[in-house]
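Per the working numbering, the sequence shown starts with residue 1481, numbered consecutively.
We treat Cβ as the ideally placed atom computed from N, Cα and C, and that holds for glycine.
Nothing here was measured: the structure is a model prediction, and the numbers come from that model.
Below is one structure, written out as structure tokens; the observations come after it.
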Amino acid sequence: MIIGENMKLNFSTKYIRLLLPLIVILTACEQSPIFYNIMQEVARRNPRIEGTPSNMVIFERDGVQTMYVGSNKLHWYAKPDDPESQKEPMKYWDEDKGRVPQPGGFIKELATTDTHLYALCVSGRSTTLKRIGNAETDLAWETIEIAPGDDAAGYPYLQRVLSAGDKIFVGSVNNTEALSGAVLYLDNADNTLKLLENDTFLLSGVVFDGNDFYFSTSSVIREDLGAMYRIQGGALPGTVEKLAKVSGSSGETNPEFLAMIVLEKDSTKNILAMDRRGRIYTVNPSGFAGLSSTMGTFTGGSLSVYLTTENADPILLAGYQGEWTLTTTGSSYGYREAGLEWNTDGTLKSVTFREPGVSVLGDYDQYYSSLGTIPVNHMFQPPNYINNYGTVLFASTVNEGLWSFRFRDSEGK
């Protein structure tokens, strides 16, 4: 009986070995996603910066335009002077150009003005806002405190730091559960934080269009508790006005806004905001109006712009979070591109989301098996004076470090 079963096993094994190549060939011809995905997988490299890095910002330190990103420590990225070193990506990182002292603690978020680099630093249960100047002789970080006696003292737990129009905005809450929030601003007269608007939930975006400030908030409780605000003029604190949805437009009445950005077309500045469901809204003094199309699922909250050349139309990039299901036909995380259609007056007409294509990545297969499987917090394209347009794109991910995409010898890797 044992011999008979062994013979049967050997017979079956031989046929399996003969049939396996044919199965693979037939499956490939039918473009089975399972086999295709396995063949397209690429080996991951250890990230340059591990963990969950912060956003990326540009700051001029001692006359050098430098990109900064934080994690367990501050990192900087500047173009080397030596032409040969410019060909080696690692020579851009943490060299003497752009060097700054470490602020201490885990760096949650960065912001900049013309004169200072700001870091929101976490140490234990304490979060502190610090800043350092732009001169090489500025060697110490300064802690920014809440103004004594100001109503901002009721919101001591700092959560966000954002900049727009050379001003600093801070999102803060009144307890560690983040159930009641406020927006603070930095008063340049005495370098303290003061209350701008209370009962706002969490600050999620700030922009300046050259005339007015706009800021958005979101709630961690429900998707219909977000809000949009306007501050007329370029001075703070100013008068804060809560905006309403434009009658008849698409979208929610109180969207959970997660990000904001300003795009300029033919000298017309377009203020855009994105909600949790991936819908883009246009914003102006009259209110906010949702565009008809959406991403179709959740967004990761990242909103940025990619340029293939200096004068090219911008490609909008949005963080993507698919449904909580296993997929073999597309990426479940990563980001999406948005094609933009404009009206003749330079205002945005429509947005069409699509999976990343050759316009940005060059090789979708590599994206699909790598960055497309990871939640993205922030994306950033270095300016042309650091890297030529269309050559480098950075992505700050959740727990998987800082990723970069580069074109090398006309092949994206």
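Cutoff 7 Å; reference residue i; Cβ partners in own chain excluding five residues on either side
| i | result |
| --- | --- |
| Glu1510 | Interpretation of Glu1510 is limited by its pLDDT of 39, a score under 50 that renders its predicted location unreliable; no figure is taken from the coordinates. |
| Val1720 | Leu1676, Glu1677, Tyr1709 and Ile1711 |
| Trp1573 | Arg1528, His1555 and Tyr1557 |
| Ser1565 | Lys1571 |
| Gly1770 | Ser1729, Ser1730, Gly1731, Arg1759 and Tyr1761 |
| Ala1644 | Val1686, Val1687, Phe1688 and Phe1693 |
Short Cβ contact (9 Å threshold) for residue i with residue j
| i | j | result |
| --- | --- | --- |
| Ala1632 | Leu1673 | yes |
| Val1856 | Val1872 | no |
| Arg1757 | Thr1774 | yes |
| Leu1597 | Thr1607 | no |
| Phe1695 | Met1740 | yes |
| Glu1835 | Glu1821 | no |
| Val1544 | Leu1590 | no |
| Pro1671 | Glu1616 | First, the amino acid is wrong: residue 1671 is Asn here, not Pro. Cβ distance not < 9 Å, so Asn1671 and Glu1616 don't count as in contact. |
| Ile1626 | Pro1583 | no |
Residue burial classification, residue i (beta-carbon count within 10 angstroms, cutoff 16)
| i | result |
| --- | --- |
| Ser1782 | buried |
| Thr1807 | For Thr1807, the predicted structure reports a pLDDT of 44, less than 50, and the residue's modelled location is therefore unreliable. The matter cannot be settled from this model. |
| Gln1861 | buried |
| Lys1647 | buried |
| Lys1610 | buried |
| Lys1722 | exposed |
| Gly1578 | buried |
| Gly1713 | exposed |
| Ala1533 | The sequence shown places Pro at residue 1533, rather than the Ala named in the question. With 16 or more other Cβ atoms within 10 Å, it is buried. |
| Gly1585 | buried |
| Gln1801 | buried |
| Arg1605 | exposed |
Distance between residue j and residue i (C-alpha atoms, nearest Å)
| i | j | result |
| --- | --- | --- |
| Pro1863 | Ser1727 | 39 Å |
| Gly1706 | Asp1679 | 11 Å |
| Tyr1815 | Gly1629 | 44 Å |
| Pro1560 | Lys1553 | 21 Å |
| Val1653 | Ser1684 | 13 Å |
| Asn1526 | Trp1883 | 9 Å |
| Ser1698 | Lys1749 | 24 Å |
| Val1663 | Phe1649 | 7 Å |
| Met1859 | Asn1535 | 8 Å |
| Glu1880 | Phe1778 | 20 Å |
| Ser1784 | Ala1798 | 7 Å |
| Asn1614 | Gly1826 | 36 Å |
| Leu1682 | Pro1563 | 45 Å |
| Phe1539 | Glu1736 | 30 Å |
| Lys1588 | Ser1603 | 10 Å |
| Leu1752 | Thr1788 | 21 Å |
| Gln1520 | Ala1875 | Only weak support is given to the placement of Gln1520: the predicted model assigns it a pLDDT of 43, under 50, and the value that follows is read from those uncertain coordinates. For Gln1520 and Ala1875, the distance between alpha carbons rounds to 21 Å. |
Nonlocal neighbours in the same chain, by C-beta distance under 8 Å from residue i, ignoring five residues either side
| i | result |
| --- | --- |
| Glu1790 | Asn1864 and Tyr1869 |
| Ser1772 | Ser1730 and Ser1830 |
| Gly1531 | Ser1551, Asn1552, Asn1879 and Gly1881 |
| Pro1894 | An answer regarding residue 1894 cannot be provided, because it is not within the stretch 1481 to 1893 covered by the chain. |
Close Cβ partners of residue i (< 6 Å) along its chain, the five nearest in sequence each way excluded
| i | result |
| --- | --- |
| Asn1823 | Lys1829 |
| Ile1854 | Tyr1813, Thr1877 and Glu1880 |
Heavy atom of the ligand MG within 8 Å of residue i beta-carbon
| i | result |
| --- | --- |
| Asp1646 | The ligand MG is not part of this structure, which contains no ligands at all. |
In the segment 1706-1737, which residue ranges form an unbroken beta strand (DSSP E) of at least 3 residues, counting only runs that do not cross its ends?
-> 1707-1711 and 1720-1723
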